[in-house]
Structure formats: C-alpha cells, structure tokens
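Take a look at the structure set out below.
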Amino acid sequence: MVHVLGVQLPDYQYARFALTAFYGIGHKTAHRLCARLQIHDKCKVRSLTPHQITELAAFLSSPSTSTPIPRFPLATSSYKPPPASTPLAVLKEETKRLSQRAWADPLRNVKIESEARRVVKDNIAHQRMIGSYVGKRHAMGLPVRGQNTQNNARTAKKLNRVDRRG
661 MVHVLGVQLP DYQYARFALT AFYGIGHKTA HRLCARLQIH DKCKVRSLTP
711 HQITELAAFL SSPSTSTPIP RFPLATSSYK PPPASTPLAV LKEETKRLSQ
761 RAWADPLRNV KIESEARRVV KDNIAHQRMI GSYVGKRHAM GLPVRGQNTQ
811 NNARTAKKLN RVDRRG
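In structure tokens, the structure reads:
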C-alpha cells in the first residue's frame, strides 16, 4: 500500500482508479491528473516510481502553486498554412499571439479531502442561512433532491443528521 497525504492507495489497482480514493477526485480529474504527471492509463500503483509518487504528493498538496503545463496552439480544421514566402518573425509573432489565449487549467482549483468537505459544509450552511428550500430540508434531516419520503428516507435522515449540518 502506498500512502499519499494520509490516504492509502491499493497496490493492485490502476493508478487512475486508485486516485479516486481521495475525497474530491473523480474519474475525470484522476484521468487528467495522470496525464499531467505522465502516468500511463494501465499503470498500477505498485509500479509507480518514487519520483512519480513524490510528484503526485507535491501536486495534490498545493495544485495552485504547481508549474503550469505548456500550451501550444493547435490548428483548427479550417486552418490554411501561410505561404512559404512569409518571414519567420511574422510566424513567431502569430504563434505567440495564439498561445496567449486565455486557457483555464482545470486542475488548478482542485480541492481534496478536508478542503472539499469544508466547501460542501459551507455551501449547506449558506443554503440554511438564506432559508432556501434545500437548506430547510437539510435542517430537518430530510432528502434534498426530491426523493420519496414515505418509506425510503432513512439514508438521507442519517446523512443529514450526522455531519452535513452547519
């Protein structure tokens, strides 16, 4: 078993599925994370190198301060290459202009474990504070998303009673 930031990752699981053990990381985020850290899709946790594990821990501990990945512009389907007589300086300027487009890194704002739990708790507290229908359902310990309450509300009553209240 590999321990990363207090979470055990099973040895015999693919790395991209094992990353979903972190609260706040789903399949899509785990896939992007593996691509960012150059971990193959079929790589199991036991075959990760110490360098990859260190990179993973460093990225997950503070994703906002990690080094950004280089972005190079890709040609669209309607792209027509410039004539061969175009000066090199003009081509470099065009490439620089295209690469400066606003691009938001989806992994930049990843929140995991306690941060993600705090965000969920704050959102629920906000719903309760403003007195919305969802907030009232949370306060009463009832299902929030329209589920049937006559018979099947045990799970919601248990969850809303334990730690989701603000």
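Just so we're aligned: the sequence shown equals residues 661 to 826 in this note's numbering. Even for Gly, the Cβ is constructed at its ideal location relative to N, Cα and C.
- For L720, the closest C-alpha among the options D701, F682, Y674, S738 is that of F682.
- Under a 10 Å Cβ-count criterion, L758 is classified as exposed, with fewer than 16 other Cβ atoms of the shown protein chains found around its own Cβ.
- The distance from the Cβ of C694 to that of R706 is about 15 Å, inconsistent with a contact at the 8 Å cut-off.
- Taking a cut-off of 8 Å on C-beta distances, the segment 662-681 touches the segment 702-716, as three or more cross pairs fall below it.
- The shortest CA-to-CA distance from P728 to any of D765, V794, N812, R797 is the one to D765.
- Taking a C-beta distance under 8 Å as the contact criterion, I713 and V780 do not qualify as a contact pair.
- In the structure shown, Y674 adopts extended strand secondary structure according to DSSP, grouped into three states.
- Note on geometry: alpha-carbon atoms of Y793 and V770 lie some 29 Å from one another.
- About 7 Å separates the beta carbon of E773 from that of G684, a gap short enough to meet the 8 Å contact definition.
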